[in-house]
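Novice: So that we are looking at the same thing, I have put the structure below in structure tokens.
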Amino acid sequence: MSGKDNVTRSNAITGGLLGFLGVLGFSLSLPMTRVAVEHLDPWFVAFGRAVGAGALAMAYLVAVRAPRPTPAQWRRLAVVALGVVAGFPMFTSLALQTSTAAHGAVVVALLPAVTAGFAVLRAKERPAPAFWLAGGAGLLAVLTFVTLSGTVSGALGWADLFLLAAITLCGLGYAEGGALARDLGGARTICWALVLSLPFSILVTGVAALRHPPHAPLPAWGAFAYLTLISMFLGFVAWYSGLARGGVARVGQIQLAQPVLTLGWSAWLLHEHVATAALVAALFVLASVALTQRLRTRDAAPRGPVAVEARQGA
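Its first residue numbered 1, the sequence shown is counted upward by one per residue in UniProt numbering.
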């Protein structure tokens with residue numbers, strides 16, 4: 001029992017560290033996207049980085065001689081690719097043409113709650129009504145912020161709708177990828193998702209490059225390189241590895257730090273003004289997300305026949 005406890009504790013520590021490294025890398029994604037789309041076509045930024053990361057993923061899979069996923073795993077990988085390879089990069093690139101990274105950070109603060117919600121639905125759990133009330137309160141806070149902020153004049157703007165679409169798809173990809181990583185491993189999960197989407201990513205990138213030939217100063221290309229190497233590849237390797245080792249519910253809470261880090265990066269690197277309303281909204285959303293995570297963890301214990309089988313297996 002002692003050895004088992006030590007392994008569990010070791011996995012929790014390692015998973016937490018990997019999860020934090022992933023979140024640290026992701027926290028710069030919005031500021032770097034903002035820099036890149038100032039000079040590069042947003043479609044080129046969204047899918048071009050997936051092409052570069054896909055090439056790295058293919059090299060990794062060949063190097064480790066990774067076995068091919070099963071048909072069922074391919075279907076799940078398609079969900080991961082839709083959410084994190086295509087959906088989130090595409091919609092955030094479109095949003096940050098007109099929105100600031102700081103504004104986006106407040107909306108993206110809902111991502112942990114959305115991820116938890118998809119994980120609950122996927123696992124067919126039955127959380128208490130308070131779970132949905134807490135998640136709804138966070139969503140209401142974000143909608144109130146984007147509606148009353150000076151950038152949208154009393155109504156949701158396209159940038160806000162793009163951001164909401166981004167976190168919805170990303171939450172789906174996180175939940176599915178976190179579960180799949182327990183079977184494939186964190187690195188192989190994101191690598192196979194990148195390879196699966198590579199033909200489409202190459203097509204969209206090529207069309208975007210033909211329509212708007214990419215010409216940009218060095219900072220924009222540096223931001224694009226960061227998005228390719230860190231946001232789209234190494235960050236996901238660390239993130240999914242952390243979820244697989246430490247558990248989605250436990251490691252997922254580390255993501256609460258992402259919007260705060262993003263607000264800090266936006267103020268420091270981009271000199272964006274972080275309004276008091278943004279900080280208040282972000283803190284309110286973080287509180288609601290923390291509550292949803294706690295309620296989800298509390299309700300995650302299996303009931304009925306599943307619980308009986310688990311006890312018998314133990």
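Every residue gets a Cβ at the ideal spot worked out from N, C-alpha and C, and that includes glycine.
Computed from a predicted model, the values in this text were never measured in an experiment.
Express the C-alpha separation of His271 and Arg34 in angstroms, rounding to a whole number.
Specialist: Along the sequence shown, read from residue 1 onward, the residue named residue 34 stands at position 34. Along the sequence shown, read from residue 1 onward, the residue named residue 271 stands at position 271. Approximately 12 Å, taken between the alpha carbons.
Novice: Measuring alpha carbon to alpha carbon, tell me which of Gly19, Arg9, Ser10 ends up nearest Leu243.
Specialist: Indexing the sequence shown from 1 puts residue 243 at position 243. Minimum Cα distance to Leu243 is reached at Gly19.
Novice: Measure the beta-carbon distance from Ala105 to Thr262 and round it to whole angstroms, keeping in mind my assumption that it falls under 8 Å.
Specialist: Reading the sequence shown from its first residue, position 105 is the one you call residue 105. Reading the sequence shown from its first residue, position 262 is the one you call residue 262. Right, their Cβ atoms sit about 4 Å apart.
Novice: When we look at the beta-carbon of His273 and count the other beta-carbons within 10 Å, is it buried (16 or more) or exposed?
Specialist: Counting from 1 along the sequence shown, the entry for residue 273 is found at position 273. By the 10 Å Cβ count, His273 comes out exposed.
Novice: Which word fits His103, buried or exposed, when buried means at least 16 other C-beta atoms lie within 10 angstroms of its C-beta?
Specialist: On the sequence shown, residue 103 is found 103 positions in, with the first residue counted as 1. Counting Cβ neighbours within 10 Å, His103 comes out buried, since at least 16 surround it.
Novice: Could you check what DSSP says for His215 in three-state terms: helix, strand or coil?
Specialist: Sequence index remark: in the sequence shown, residue 215 carries index 215 (1-based). Reduced to three states, the DSSP call for His215 is coil.
Novice: Answer with buried or exposed for Thr115, where buried requires no fewer than 16 other C-beta atoms within 10 angstroms of its C-beta.
Specialist: One-based indexing of the sequence shown puts residue 115 at position 115. Classification of Thr115: buried, given that the 10 Å Cβ count is 16 or more.
Novice: Do the CB positions of Leu169 and Gly54 come within less than 7 Å of each other?
Specialist: Counted from its first residue, the sequence shown places residue 169 at position 169. Counted from its first residue, the sequence shown places residue 54 at position 54. No, these two residues do not count as a Cβ contact at 7 Å.
Novice: Ala166 and Phe91 - do their beta-carbons sit closer together than 7 Å?
Specialist: Translated into positions along the sequence shown, residue 91 becomes position 91. Translated into positions along the sequence shown, residue 166 becomes position 166. A contact, by the Cβ cut-off of 7 Å.
Novice: Keeping to the same chain, check which residues put their C-beta closer than 8 Å to that of Asp183; ignore five residues upstream and five downstream.
Specialist: The residue labelled residue 183 in the question sits at position 183 within the sequence shown. Correct list, in chain order: Gln73.
Novice: When burial is assigned at 16 or more other CB atoms within 10 Å of the CB, is Ser10 buried or exposed?
Specialist: The sequence position of residue 10 within the sequence shown is 10, counting from 1. Looking at its Cβ environment, which holds fewer than 16 other Cβ atoms inside 10 Å, Ser10 is exposed.
Novice: Could you check which residue in Phe200, Arg245, Gly186 has the C-alpha nearest to that of Gly235?
Specialist: On the sequence shown, residue 235 is found 235 positions in, with the first residue counted as 1. Nearest Cα to Gly235 within the set Phe200, Arg245, Gly186: Gly186.
Novice: Measure the alpha-carbon distance for Trp239 versus Val62 and round it to whole angstroms.
Specialist: The residue given as residue 239 occupies position 239 in the sequence shown. The residue given as residue 62 occupies position 62 in the sequence shown. Rounded to the nearest angstrom, the two C-alpha atoms are 21 Å apart.
Novice: Report the residue from Val260, Pro42, Ser266 whose alpha carbon sits nearest the alpha carbon of Val23.
Specialist: Residue 23 sits at position 23 when you count from the first residue of the sequence shown. Comparing Cα-Cα distances from Val23 to each of Val260, Pro42, Ser266, the minimum goes to Val260.
Novice: Quick one: what's got a C-beta closer than 7 Å to Thr205's C-beta in the same chain, skipping five residues either side?
Specialist: Taking the sequence shown and counting its residues from 1, the one referred to as residue 205 is at position 205. Closer than 7 Å at Cβ, skipping near neighbours: Phe44, Phe47, Gly48, Val51.
Novice: Could you tell me the alpha carbon to alpha carbon distance between Gly154 and Ala66, rounded to whole angstroms?
Specialist: Along the sequence shown, read from residue 1 onward, the residue named residue 154 stands at position 154. Along the sequence shown, read from residue 1 onward, the residue named residue 66 stands at position 66. Note that Gly154 scores 44 on pLDDT, short of 50, meaning its location in the model is unreliable; the coordinates nonetheless yield the value given after this. Distance between the alpha carbons of Gly154 and Ala66: 52 Å.
Novice: CA-CA distance, Pro129 and Ala277?
Specialist: The residue you call residue 129 lines up with position 129 of the sequence shown. The residue you call residue 277 lines up with position 277 of the sequence shown. The C-alpha of Pro129 lies about 28 Å from the C-alpha of Ala277.
Novice: When the Cα of Thr14 is compared with those of Ile254, Val64, Ala159, Gly171, which residue comes out closest?
Specialist: What you label residue 14 is simply residue 14 of the sequence shown in a count that begins at 1. Ranking Ile254, Val64, Ala159, Gly171 by Cα distance to Thr14 puts Ile254 first.
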